[in-house]
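Novice: For the sequence shown, my numbering begins at 42 and goes up steadily by one. Cβ coordinates follow ideal geometry from the N, Cα and C atoms, glycine included.
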Amino acid sequence: MTRGRSMATGRSMIVRPTRPRRGARTMTARAEKTAGGRERPSAPPAGEPRSAAMTGGDAPRLSRTMSFFTVTMIGVGAMIGAGIFVLTGLAAEAAGPALILAFGLNGIITIFTAMAYAELGSAFPEAGGGYLWVKTALPQPSGFLSGWMSWFAHAVACSLYSLGFGAYFAWVLGELAPGLALALGGDWFPKVLAVAAVAVFMYVNYRGASETGLAGNVVTGLKIVILLLFGAFGIAAFLKNPSAVAHFRPFTPHGLGGILSAMGLTFIAFEGYEIIAQSGEEVRDPKHNVPRAIFTSLLIVVPIYILVGFVALASVVPDVAGMPTWQYLGLQKELAMVQAARQFMPLGAIILLIGGIFSTLSALNATIYSSARVAFAMGRDHNLPGLFSEVDRRTHTPHWSILVSGVIIAAMAVSLPIEHVASAADIMFLLLFLLVNVSVINLRKHHPELDRGYVMPLFPYVPILGVATKLVLAVYMFNYSAIAWLVTAGWIGVGVAIYYLYSRRTEHAAKAAPILVKRKAEVTLRNKRVLVAVQRENEAAPLVGLACDLAGGDGEVEVVSVAEVPALVPLSGGLPMARRLERLLHTAEKVGRGKGNPVSGHIRVSHDVTRAILDSVEEVKPELLVLGWRPRTATAELLGTTVGPLVELAPCDVVVARGFSGLPVRSRRPLKVLIPTAGGPHAAEAVYLALRMKESRAVGITLASAVRPGAPEETRRALLERLRDTAESAWKRKVRAGRDRRTGQNAGVESGDWGEPPVTYTLMEGRSVQGAILAEARRYDLVMLGASNEGLLRNITLGSIPEAVARQCAKPVLVVRSHEGSVRTWLRRFLGTYRSAGVEIR
């Protein structure tokens, strides 16, 4: 099971409750009385995150970017993982040929809990999953124990994957360097490799690195292809050897007990669909797509498992004459799949080793991530000491949660054989899913009003069957591994003690975190709406002032600020940063009052600044997006920054402000604006915006074109005529917009009524366009450039000359790109020019 982290590159939470009206009642928690008089937090309305239900106000939410296909692939990748590669041999030893039946029965009983996840995931489409539902539906310490068991289950699963990697990599070393393998031989060497892998991925997660959605889908696709190839070659080998039917006799050498043991042992390979429900708040139309994705992923995975089990039993010929195939596979343990492929598949051992190493490493990385996140969440909820919720100042990752989780993972990997490690993880997940089935019964009974996108049939018999089957498998695992049950019981016992001695007291003492305020101005019908992205308080006044100027005297401004957190940290971990950013909204309001423009604002907490701002663009629907750009180096390319993809993908006009923190909001003398241009729609938009600025401040506008020294007079006249055409086009648009606002209709205006645009014209002499602009810019306060048209396929965001001027000019620079239409924007998305990295929005 590869523990899939949320791979869509756009997780964001917007925090925007409104300011309470004077005299209005506010609530910090909802509660209702149960029959026994005990207050129990009520479930939030359908689709409303639990955090909103418990704190009041509008709900924090993630950007919904995952399609049905994307979230289904996450579920498939989470199930088809290291478990099937590592545990097939051990399960064959436990059940014999009935391994096929064990896989099929596991698929059936998994459906019971999958229905519970589908119903709750459609009613609560948010991050959290089983831990959240148990805390909502059942009294304490059930909620604490669900998190406590989830943390340990993920940690122990990680131990399993590290041991699988150690075994596979030791086998590779044995093939490539037999002498080295002989010198380092022994059972301890794979464990050393396992601990080394854990240490490496602890560091990777500490640094905040994360697997991208594309990489995750590639790994998932690779695993599916390898298993299907394994099945195809195995079926071919079986058909060539009809006597292999004897491999299935006797079918149940260990009876029902062996089947139950194999089911419990391999259960970890069936539980990965829970990640779909945990991703619910990022899924488009979650009420329908979450249930569909859960069931579709199971329909894909379960047949593949049955195929793998059948082929391993039918097509392998043991080296020892007369030995049953299932017994031979059991002796190979975690390497059974490799030894099987070696017999009937060209380059089979190498291919399966590649698949196994990819699966174990992918699962190892993602499961350390999941384990640390559970510990971080429990620390944040005051269920564990505060150090678990501490975030490193440099990497912004929960370093203590990663460290403690890594110690548990390494300790389990070193101290127990692989079958006991797998059993401990299975027992924990079985008990956790048992609690989820109880929760769905409780929530259906007490909250029938919830808007469920999927309602399980045959209620309550299905969840009761889920409880019964999980309990039977968990209890029977004692016969397979008493050590695993002792470890599980010890962990739960420690958890109960921690809850009553520590967590219960600190949880009640902790105050509910305050919700941030969305500043909303009283707005009448306005002509132009401008969205401005601001990240630094000292740049709020100049950028918001610029946005007000560009909006004109009759426009409104919306401010968005994004608190970016690493992928490892839950979005709620960015709330302290978001609260600090709230000061930006106060500054923005103050600037708006001084300018006479209504200013609103909101703050997002996100793993991806680009996606978060695009979400705001989709919600606000501005005519203009204003971005600040501060490259880290003089040669930094704009496309390699967060600004680049926003310029490419925003469905509106965009202004990129370079060095704008030095321009005062108010100025007594006219602002001298230089607009170098060679024509084109982007330059016309720059002139139009400069003309709008004249509505709110004194602005002197000069249009300029570069010319080589000694250029003929006819060339100079042609350039000046082009400048006049550009200015007149923008001026007519400006006048028409003003008259439309006054008359409320499109008034026809004769060409003679337009008047002359309040613009001057000049020619700049220089040996290069860039040099001429930089020299002329010294005499002005502000430079405005239109983006150049250099071709869609060249990955040019603003054009080479505008970007070079923006980097090198000592004066503030605005580069304007007018919206090119939905078709070109779609082509940019399709051609993959969305690349977000490097420089933050400033």
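(1) Compute the beta-carbon to beta-carbon distance between Gly299 and Gly137, rounded to the nearest angstrom, for a pair I have assumed lies under 8 Å.
(2) Between Ala381 and the rest of its own chain, which residues show a CB-CB distance below 6 Å, the 5 nearest in sequence each way excluded?
(3) Which partner residues of Asp694 appear in the DSSP bridge assignment?
(4) How is Tyr495 classed by DSSP in three states: helix, strand or coil?
(5) Is Lys582 helix, strand or coil when you go by DSSP?
(6) So, is Leu217 buried or exposed, given that buried needs 16 or more other C-beta atoms within 10 angstroms?
(7) Which class does Lys735 belong to by DSSP, given the choice of helix, strand or coil?
(8) Evaluate the contact criterion for the stretch 227-240 versus the stretch 196-215: three or more CB pairs, one atom per stretch, below 8 Å.
(9) Is DSSP giving Ala70 helix, strand or coil here?
(10) According to DSSP, Met190 sits in a beta bridge with which residue or residues?
(11) Helix, strand or coil: how does DSSP classify Val600 here?
(12) Kindly indicate which residue of Phe126, Leu744 and Leu587 has the alpha-carbon position closest to the one of Ile814.
(13) Please list, in chain order, all residues of the same chain as Arg421 whose beta carbon is under 6 Å from its beta carbon, the five residues on each side excluded.
(14) Could you give the uninterrupted runs of the beta strand (DSSP E) lying entirely in the stretch 736-773, keeping only those of 3 residues or more?
(15) In the DSSP assignment, the alpha helix (DSSP H) including Tyr410 goes from what residue to what residue?
(16) Whole-angstrom Cβ separation of Leu572 and Leu655, contact assumed at under 8 Å?
(17) Leaving out the 5 sequence neighbours to the left and right, which residues in its chain are closer than 6 Å to Ser657 when beta-carbon positions are compared?
(18) Looking only at C-alpha atoms, which of Asp228, Ala159 and Leu376 sits nearest to Asp492?
(19) Grab me the residues of Tyr540's own chain with a C-beta within less than 7 Å of its C-beta, minus the 5 sequence neighbours each way, in chain order.
(20) Which value, in whole angstroms, describes the spacing of the CA atoms of Thr43 and Ala194?
(21) Starting from the C-beta of Lys328, find all residues in its chain whose C-beta is less than 6 Å away, skip the five residues before and the five after it, and write them out in chain order.
(22) So, with DSSP's three-state summary, where would you put His461?
(23) Between Ile533, Phe274 and Phe230, which lies nearest to Met190 when the distance is taken from Cα to Cα?
(24) Using the three-state DSSP reduction, which class does Ile121 fall into: helix, strand or coil?
(25) So Thr177 is in the alpha helix (DSSP H); what residue range does that whole segment cover?
(26) List the endpoints of the continuous alpha helix (DSSP H) containing Leu372.
(27) Using only alpha-carbon positions, find the residue among Leu428, Met364, Thr307 and Gln384 that is nearest to Ser442.
(28) Leaving aside the five residues before and after Leu484 along the sequence, list all residues of the same chain whose C-beta is less than 8 Å from its C-beta, in chain order.
(29) Grab me the residues of Glu312's own chain with a C-beta within less than 6 Å of its C-beta, minus the 5 sequence neighbours each way, in chain order.
(30) Counting along the chain, where does the alpha helix (DSSP H) carrying His329 start and finish?
(31) Across which residues does DSSP place Arg2 in a beta bridge pair?
(32) Tell me which same chain residues have a C-beta within less than 7 Å of the C-beta of Val810, skipping the five on either side of it?
(33) For Tyr502, count neighbouring C-beta atoms within 10 Å of its own C-beta (all shown protein chains included) and say buried if the count is 16 or more, exposed if not.
(34) Output the distance between the C-alpha atoms of Met618 and Val650, rounded to the nearest integer angstrom.
(35) Could you pull the start and end residues of the beta strand (DSSP E) that Gly827 belongs to?
(36) Taking the beta strand (DSSP E) that Ala816 belongs to, which residues open and close that run?
Specialist: Well, looking at it:
(1) 6 Å
(2) Ala353 and Val357
(3) Leu665
(4) coil
(5) Residue identity differs from the one stated: residue 582 is Ala in this sequence, not Lys. Helix.
(6) exposed
(7) coil
(8) yes
(9) With a pLDDT of only 31 at Ala70, under the threshold of 50, the placement of this residue in the model should not be trusted, and no figure is reported.
(10) In DSSP, Met190 forms no bridge with anything.
(11) strand
(12) Leu744
(13) Ser430
(14) 740-748
(15) Gly389 to Arg421
(16) Not really, about 11 Å apart at Cβ, beyond 8 Å.
(17) Val601
(18) Ala159
(19) Pro182 and Phe185
(20) With a pLDDT of only 40 at Thr43, under 50, the local geometry of the prediction cannot be trusted, and no value is derived from it.
(21) Ser163 and Gly494
(22) helix
(23) Ile533
(24) coil
(25) Gly171 to Ala178
(26) Thr366 to Gln373
(27) Leu428
(28) Ala84, Leu161, Ala164, Trp174, Thr177, Ala178 and Leu491
(29) Phe470
(30) Pro327 to Ser356
(31) For residue 2 there is no data in the structure shown, the boundaries of the chain being 42 and 883.
(32) Ala747 and Ile842
(33) exposed
(34) 14 Å
(35) Leu823 to Gly827
(36) That residue, Ala816, is in no beta strand (DSSP E); its alpha helix (DSSP H) goes Val810 to Ala818.
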